[in-house]
Amino acid sequence: MKKIYAGDMTRLEFAERIKEAKCVIVTAGSCEQHGYHMALDTDNVLGHHMAMEAAKRCDAIVMPNINYGQVWSARKFPGSISLSNDTLKAVLKEIILSLESFGAKNILLLAGHNGNGQAMKDVARELVNTHDLHNVWYYTQTFSKELKGVLESPIPCNCVHAGEMETSMMLCVRPDLVDLSKAEKDFPELPAAAKYRPISWDEYITVGSYGDPSLATEEKGKLFLDAIIDEVVHLINDIM
Ligand SMILES: [Zn+2]
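Numbering (my numbering), first residue to last: -3 to 236.
In structure tokens form, the structure reads like this:
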């Protein structure tokens, strides 16, 4: 069977696979607080899992994950290590240019942490301008209304950081990194001023997770993961 994860390949295997594969997936996660009940590595674990599962169903290989991301909102919580958008863009750009030099047909930047979405989009645009590269794609996690309907926490808290949805996905992939006995409910209200000036989470959030993570289940997590993986497979198979 062909290897999917580039980190497992030898240089000769990689040289061959990158030229023949339709897509190279680069995941960008974060080292970020996920409330009292879930590990800092959550976004890295989930992003890598999504990429690997998608790659099994299409002609793609997966690069080692970028373990740090743009987590400005959470930066004051211990464990959240925040890169600026400029730093993240520089890292992405240099990885992309390396992959291009080895013959990548398409490169998909996949956000394990949606806060990386802006940098991903900006770097793809920049590379169109500066290098005439039209083969850099990006994906951030989005969910349909119907899918959000399976969650029991009230909207909007049901689908934000470290809440019922993300905790459910983690229960599917790495339940050992979730301790539901430590999960606490929190329904923070976004201050009205947040629409008009930067307000970080430490100004109005205590726990660091939204909604009621104790409502998370593995079954719900599978629904969300399947939807994400299906969309990535569709992007690679049908749109690229
Ligand atoms: Zn997360």
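Virtual Cβ for every residue (Gly too), placed ideally from N, Cα, C.
Quick caveat: nothing in here was measured; it's all calculated off a predicted structure.
Exposure of residue i, with buried meaning 16 or more beta-carbon neighbours within 10 Å
{"i": "residue -2", "result": "exposed"}
{"i": "residue 157", "result": "buried"}
{"i": "residue 127", "result": "exposed"}
{"i": "residue 209", "result": "buried"}
{"i": "residue 216", "result": "buried"}
{"i": "residue 124", "result": "exposed"}
{"i": "residue 13", "result": "buried"}
{"i": "residue 3", "result": "exposed"}
{"i": "residue 148", "result": "exposed"}
{"i": "residue 159", "result": "buried"}
{"i": "residue 188", "result": "exposed"}
{"i": "residue 248", "result": "As shown, the chain starts at -3 and ends at 236. That puts residue 248 outside it, with no answer to give."}
{"i": "residue 145", "result": "exposed"}
{"i": "residue 179", "result": "buried"}
{"i": "residue 8", "result": "exposed"}
{"i": "residue 207", "result": "buried"}
{"i": "residue 37", "result": "buried"}
{"i": "residue 11", "result": "exposed"}
Other residues of its chain near residue i: CB distance less than 7 angstroms, five sequence neighbours each side excluded
{"i": "residue 85", "result": "115, 118, 119"}
{"i": "residue 222", "result": "none"}
{"i": "residue 110", "result": "136, 137"}
{"i": "residue 71", "result": "78, 196"}
{"i": "residue 161", "result": "147, 154, 155, 220"}
Sequence-distant residues of the same chain with beta carbon closer than 8 angstroms to residue i, five excluded per side
{"i": "residue 0", "result": "48, 51, 52, 56, 57, 58"}
{"i": "residue 169", "result": "41, 42, 45, 217, 221"}
Contacts around residue i, its chain only, beta-carbon distance under 6 angstroms, and the 5 residues preceding and following it disregarded
{"i": "residue 129", "result": "123"}
{"i": "residue 141", "result": "none"}
{"i": "residue 64", "result": "27, 77, 79"}
{"i": "residue 131", "result": "102"}
{"i": "residue 89", "result": "119"}
{"i": "residue 233", "result": "54"}
Among the options, nearest to residue i - alpha-carbon criterion
{"i": "residue 202", "options": "173, 69, 18", "result": "69"}
{"i": "residue 214", "options": "172, 29, 97", "result": "172"}
{"i": "residue 113", "options": "232, 135, 140, 72", "result": "135"}
{"i": "residue 107", "options": "207, 101, 61", "result": "61"}
{"i": "residue 167", "options": "142, 100, 211", "result": "211"}
{"i": "residue 87", "options": "9, 25, 226", "result": "25"}
{"i": "residue 32", "options": "100, 74, 82", "result": "74"}
{"i": "residue 200", "options": "194, 95, 186", "result": "186"}
{"i": "residue 224", "options": "198, 181, 165", "result": "165"}
{"i": "residue 205", "options": "198, 182, 226, 227", "result": "182"}
{"i": "residue 29", "options": "198, 83, 150", "result": "198"}
For residue j and residue i, believed in contact at Cβ under 8 angstroms, the rounded distance
{"i": "residue 105", "j": "residue 22", "result": "5 angstroms"}
{"i": "residue 163", "j": "residue 34", "result": "6 angstroms"}
> Near ligand 2, which residues have their beta-carbon closer than 5 angstroms to a heavy atom?
Replying inline: Ligands in the displayed structure: ligand 1; ligand 2 is not one of them.
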